[in-house]
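In what follows, a structure is listed as structure tokens, so that the remarks can point back to it.
In this note's numbering, the protein residues as written are 3 to 165.
Following this line, the structure appears as structure tokens:
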């Protein structure tokens, strides 16, 4: 029991670091924020380690990235949005995917990515207004789609190695 808790703490810390690094290494300024590919690792972590570690890694790793890069105003929203993105992906994969089928994986990532787009749209509407929030939607969609496409083969390969 104690070993399992310790393992979850280690995995969560590793996931937070992985999402943080992936987010800050490749960032493309866009509207009031930036496009990044930390979502790739949110998806990978959620599919391999589950929804709870996906939430922790996605939420904390991404929020720390916002703070580190000077986008402090985004950190609270990012914690919730990216955390839930990881939780949604992990939960859907647990419910629907019995054989790690790529169609189920992509569907789970797509739904989680749509949540991310909607979450940031709502958050940015509150911060900047409807018009500015609408201009960020295409970039967030690209981020979600590219991340899902890259995460699928990466998840499948890593799952074979880890399990």
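All C-beta atoms in this analysis are idealised placements derived from N, C-alpha and C, irrespective of residue type, glycine included. None of the values given here were measured: they were computed from a predicted structure.
### Task
Could you round the C-beta distance between residue 59 and residue 14 to whole angstroms and report it? I think they count as a contact, below 8 Å.
6 Å between Cβ atoms; contact.
### Task
For residue 32, collect the residues of the same chain with a Cβ closer than 6 Å to its Cβ; drop the 5 residues on either side in sequence, then sort them by chain order.
These residues qualify, in order along the chain: 141.
### Assigned secondary structure, residue 141 (DSSP; H/G/I helix, E/B strand, else coil)
In this structure, residue 141 counts as helix in the three-state DSSP scheme.
### Message
Can you list, in chain order, the residues of its chain with a C-beta nearer than 6 Å to that of residue 20? Leave out the 5 residues immediately preceding and following it.
### Response
The answer, listed in chain order, is 43.
### Query
Near residue 129, which residues of its chain fall below 7 Å by C-beta distance, leaving aside the five closest residues on each side in sequence?
Closer than 7 Å at Cβ, skipping near neighbours: 75.
### Query
Is the distance from the Cβ of residue 149 to the Cβ of residue 68 below 8 Å?
No, Cβ-Cβ distance for residue 149 and residue 68 is not below 8 Å.
### Query
Whose C-alpha, out of 120, 105, 126, is nearest the C-alpha of residue 87?
When only C-alpha atoms are compared, the closest one is 120.
### Task
Within 10 angstroms of the Cβ of residue 126, are there 16 or more other Cβ atoms? Answer buried if so, exposed if not.
Flag for residue 126 reads buried.
### Query
Is the segment 144-163 in contact with the segment 103-122, if contact means three or more CB pairs nearer than 8 Å?
The count of Cβ pairs closer than 8 Å, one atom from the segment 144-163 and one from the segment 103-122, reaches three, so the stretches are in contact.
### Task
Find the nearest neighbour of residue 151 within the set 111, 77, 131, 65, judged by alpha-carbon distance.
When C-alpha distances from residue 151 are compared across 111, 77, 131, 65, the shortest belongs to 111.
### Task
Within 10 angstroms of the Cβ of residue 38, are there 16 or more other Cβ atoms? Answer buried if so, exposed if not.
The residue is buried, with at least 16 neighbouring Cβ atoms inside 10 Å.
### Task
Look up residue 32 in the DSSP assignment and say whether it is helix, strand or coil.
If DSSP states are grouped into helix, strand and coil, residue 32 belongs with the strands.
### Query
Near residue 138, which residues of its chain fall below 8 Å by C-beta distance, leaving aside the five closest residues on each side in sequence?
Cβ-Cβ distances below 8 Å link residue 138 to 32, 33, 34, 35, 122, 123, 126 in the same chain, with the five nearest sequence neighbours on each side left out; the list follows chain order.
### Task
List the whole-angstrom C-beta distance separating residue 25 from residue 52, where the pair is believed to meet the contact cut-off of C-beta under 8 Å.
Contact between residue 25 and residue 52 does not hold, since the beta-carbon distance rounds to 21 Å and is not under 8 Å.
### Task
For residue 28, collect the residues of the same chain with a Cβ closer than 7 Å to its Cβ; drop the 5 residues on either side in sequence, then sort them by chain order.
The residues 38, 39, in chain order, have a CB closer than 7 Å to that of residue 28 in the same chain once the five nearest residues on each side in sequence are set aside.
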